[in-house]
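> Take a look at this one; I'll ask things after.
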């Protein structure tokens, strides 16, 4: 007795409909998955940068004394008219980097700040920057102390505070601004903004202050992250 054999399959129309549904679902979910991955990568790079800087400064303190006694005199970064002297700022940053950080950081290259021109002939100052082996960049600038803007994806866009750029500073003063009084590198914030609620409100208003919120959240982007 012969057994009958039935072969089942999809028609071309059914296959196309299935592929169309898969495409729609992918289009809806892919941006969310990409964004989640980018935030995870940024989080990991922030943790690494913060740890790297903390360790570098502590190592430097062994040979250069406590950070409280380092040369933080940045008064030369303005000219006699009170305007920022970019050339002097660049020199101050380079001297600070060479003296206190260079030997204790693993980095790819250091680029000195300089004046350049855009396509319209306008003068633009490029800030001193430390380029790391993973492609991340820390922009070093002189203010009341030494400011660092960490760019988690290097030269790639969006180059916005709180999204891929995060503000830190190196300063032995302003202990009221430190989340931890013993920390070596500090996240930018207003004085006494040490609770998550306070940090969240600041971040919501200005991406410059989002680094403090991320520090409180252990460098992770929570679901309610404002930026």
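In our numbering, the protein residues as written are 41 to 267.
The beta carbon of each residue, even a glycine, is placed where N, CA and C say it ideally should be.
(1) Tell me whether the stretch 127-134 and the stretch 204-222 touch, counting them as touching only if at least three CB pairs, one residue from each stretch, are closer than 8 Å.
(2) As a quick exercise: from 53, 153, 177, 258, pick the residue whose alpha carbon is nearest that of residue 189.
(3) Just tell me which of 108, 63, 256 has its CA closest to the CA of residue 214.
(4) May I ask you to report which of helix, strand or coil DSSP gives residue 61?
(5) So residue 114 packs on residue 184, CB below 8 Å; how close in whole Å?
(6) Output the distance between the C-alpha atoms of residue 97 and residue 121, rounded to the nearest integer angstrom.
(7) In whole angstroms, what separates the C-alpha of residue 110 from that of residue 225?
(8) Using the Cβ count rule (16 or more neighbours within 10 Å means buried), how would you classify residue 119?
(9) By DSSP, does residue 89 sit in helix, in strand, or in coil?
(10) To the nearest angstrom, report how far apart residue 2 and residue 58 are at their CA atoms.
In short:
(1) Look at the beta carbons and you see the stretch 127-134 not touching the stretch 204-222: under three pairs across the two are nearer than 8 Å.
(2) Of the candidates 53, 153, 177, 258, the one whose C-alpha sits nearest the C-alpha of residue 189 is 177.
(3) When only C-alpha atoms are compared, the closest one is 108.
(4) For residue 61, the three-state secondary structure derived from DSSP is helix.
(5) About 7 Å; that satisfies the 8 Å criterion.
(6) In a straight line, the C-alpha of residue 97 is about 34 Å away from that of residue 121.
(7) So the two alpha carbons sit approximately 14 Å from each other.
(8) Exposed is the call here.
(9) Three-state result, residue 89: helix.
(10) The requested residue 2 is not part of the displayed model; the chain covers only 41 to 267.
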